[in-house]
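The numbering used here puts the first residue of the sequence shown at 7, with every later residue one more than the last.
Each residue gets a CB set at the ideal place from its N, CA and C atoms; glycine is no exception.
Written out below as structure tokens is the structure these notes cover.
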Amino acid sequence: MEKYKMYIGGEWVDSVSGEMREVLYPSTQEALWEVPDGVEEDVDRAVEAALKAWEPWAMLRLTRRIHYLRAALELLEDKKEEMVEIMVKEGGHPISLARWFFEGALGRLRATIEAAPGFYGETIPSTTGRFSCTIKQPIGVVGAIVPWNAPLTQAINKIAPALVTGNTMVLKPSMETPISALEIAKVFEAVELPKGVFNVVTGSGLVAGKRIVENPKVSKISFTGDTATGRDIAERAGRTLKKLTLELGGSDPLIVCEDANIDWATDAAVYGRFYHQGQICISSKRIILLERIAEEFKEKMLEKTRRLKIGDPMDPKTQIGPLINKQQTEKVHQQVKGSINMGAKLLCGGRYEKLVYEPTILGDCTMEMPCCREECFGPVAPLITVPDFDTAIEIANDTIHGLSGGIFTQDLSKAMKAITRIQSGSIHVNECSLHIDPFAPFGGVKASGMGKELGGHYAFEEYTNTKWVTINIEQASYPFLRLGDKT
Ligand code: NAD
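This is how it looks when you write it as structure tokens:
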């Protein structure tokens, strides 16, 4: 079993606790790696290193910061097969998905590097004749906390905009999937990124994660994960008034109207709900069908779902692999059973072996059922049939979440109504909710979070302070000082 250390201040170190935690391959439950179980002192050490590195890093010319990120990008490209295998083994991703995530991560890093020179302040007209402008300044030490479902891309989403704008970082990966983050640290070490600019602390959320949020020297928290965790983090971060980006859970709707192309819509639904076994924040977790096409849609989706290949994640033909762990698998099963008990009709799936949950379609679903009411992070497609378009929109919005959404229609008026009325951070017409582009801003509303990732300047705003600057050109006059002269 390979042992990793944490990366703090440019050194590979053990936790002061001396404790280690195993990382399991979800497909076989075999322990493949061990990583340190970091504690509060480890976090504090990493924050000190990041703080010490901050000013020199912030003062470095942008072209130099870009140089380091570009060198890291090139090295990551060379490590493609190694990184892909790590993602398969730590996250249970089928290998085709791991390749998609890898290309996605590199695309995001590349797009961020390219956008960086276009992010700057502006000059402002002055009512008093001064020179008036804004400059963009980094915030300081960023605490980045990421989940297990896309360990490489989630880390890059935060690292790229934070570092290029002049912040330093302490990254805490999920203990289910810490290896990708530690491999990123190896890349930064190899390109001789100044020590302390990037640090990785491995450890549990309740110990290491909590300390990152509470450490008063951390100026910004960028978190991706569950809504309940996000709420806890927002409360704690509020005590030291940290700037926050929260990318949280979703229960995204996919509406299929009467005039939709059903072949296309069912392709999108199968992809949007079952890719990565449904473990994506923007998976299409509720499929809302207009009555007239509901039967045809159901038959076609069933036929396509039955063709999905379940198997060994290392096999390039495998479409469905394991869920991340036993707790998640059991939680998904409880949600399925609970929905069936409330009247949902099991159309396919509903069973699991080890951690592999069969792609499942539930008919006759209502919003009261756990598969619709809660975020279901597994391969389960609840079909909700509605009598009319307005009801479809009401159901789409009948959730605490608001991440992404999709609608299939040829009718411009319906498309426009969905675009304006669905409460979400993004909405896609003739596409499912599972759609992301590094040039476009990404982030949710309601309990799906706050702030944006990706999209160039949208992400950079999250990691900078806009400082207003004025310069007096001539000696200023202060009428206040002459008030006493008047008789
Ligand atoms: P999680 O909230 O359990 O854990 C995420 C990270 O937070 C982990 O590193 C964990 O160790 C840490 N953590 C846990 N409790 C903490 C605490 N109290 N203080 C500080 N850190 C803590 O989420 P998960 O199960 O790893 O990920 C799945 C969830 O992430 C789903 O809800 C999914 O929708 C969401 N997600 C959202 C996005 C998005 O962009 N909106 C993207 C991916 C995943």
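Straight-line spacing of the CA atoms in Val-435 and Ile-442 works out to 13 Å. Counting other Cβ atoms within 10 Å of its Cβ, Trp-60 reaches 16 or more and is therefore classed as buried. Lys-332 has its alpha-carbon roughly 8 Å from the corresponding atom of Lys-360. Rounded to whole angstroms, the separation of the alpha carbons of Ala-150 and Asn-221 is 13 Å.
Asp-50 places its beta carbon less than 9 Å from that of Arg-217. Contact between the stretch 82 to 90 and the stretch 17 to 34 is absent: fewer than three C-beta pairs spanning the two stretches fall below 8 Å.
At a Cβ-Cβ threshold of 9 Å, Ile-145 and Tyr-469 count as neighbours. When Ile-239, Pro-393, Gln-143 are compared, the shortest CA-CA separation from Trp-474 is found for Gln-143.
Cys-377 has no beta-bridge partner at all, per DSSP. Within the same chain, no residue comes within 8 Å of Thr-426 by CB-CB distance, once the 5 residues on both sides are set aside.
Where Gly-97 is concerned, there is no enclosing beta strand (DSSP E), although the alpha helix (DSSP H) around it starts and stops at 86 to 97.
With 16 or more other Cβ atoms inside 10 Å of its own Cβ, Ile-190 counts as buried. Within its own chain, the residues whose Cβ lies closer than 6 Å to the Cβ of Ile-14, once the five positions on either side in sequence are excluded, are Arg-51, Ala-52, Ala-55, Asn-205, listed in chain order. With at least 16 other beta carbons inside 10 angstroms of its own, Tyr-10 counts as buried. Gly-202 has its CB no nearer than 8 Å to any heavy atom of the ligand NAD. Between the stretch 153 to 166 and the stretch 30 to 45, the count of Cβ pairs shorter than 8 Å is below three; the stretches do not touch. With respect to the 9 Å criterion, Ser-33 and Pro-328 are classified as neighbours on the basis of their beta carbons.
When distances are taken from the beta-carbon of Gly-215 to the heavy atoms of the ligand NAD, the shortest one is below 8 Å. With fewer than three CB-CB distances shorter than 8 Å, the stretch 396 to 413 does not count as touching the stretch 173 to 187. For Leu-314, the secondary structure class from DSSP, reduced to helix, strand or coil, is coil. Around the beta carbon of Glu-374, a 10 Å sphere encloses fewer than 16 other beta carbons of the protein chains shown; the residue is thus reported as exposed.
Ranking Leu-260, Ala-275, Lys-226 by CA distance to the CA of Val-176 puts Lys-226 first.
Following the DSSP letters along the chain, one finds Thr-397 inside the alpha helix (DSSP H) bounded by residues 395 to 403. Between the C-alpha atoms of Glu-109 and Gly-202 there is a straight-line separation of about 27 Å. Taken in chain order, the complete beta strand (DSSP E) segments of 3 residues or longer contained in the stretch 461 to 491 are 470 to 477. Scanning the stretch 15 to 92 from its first residue to its last, the whole alpha helix (DSSP H) runs of 4-plus residues come out as 46 to 65, 68 to 84. Per DSSP, Met-320 lies in no beta strand (DSSP E) and is assigned neither H nor E. If you check the CB distance, Ala-350 and Phe-280 do not come in under 9 Å.
When only Cα atoms are considered, Asn-478 and Phe-466 end up about 29 Å apart. Cβ contact annotation for Leu-158 (same chain, cutoff 7 Å, sequence separation greater than five): Met-89, Met-93, Phe-107, Phe-108, Ala-111, Ser-186, in chain order. Shown here for Ala-446: same chain residues with a beta carbon closer than 7 Å to its own, the five before and five after excluded, namely Leu-460, Gly-461 in chain order. The nearest non-hydrogen atom of the ligand NAD is 8 Å or more from the C-beta of Phe-107. Around the beta carbon of Ser-483, fewer than 16 other beta carbons lie within 10 angstroms, which makes this residue exposed. Per DSSP, Ala-387 lies in no alpha helix (DSSP H); the unbroken beta strand (DSSP E) holding it starts and ends at 386 to 392. In this model, Arg-70 and Tyr-126 are separated by some 16 Å (Cα to Cα). The continuous beta strand (DSSP E) containing Lys-291 extends over residues 290 to 296.
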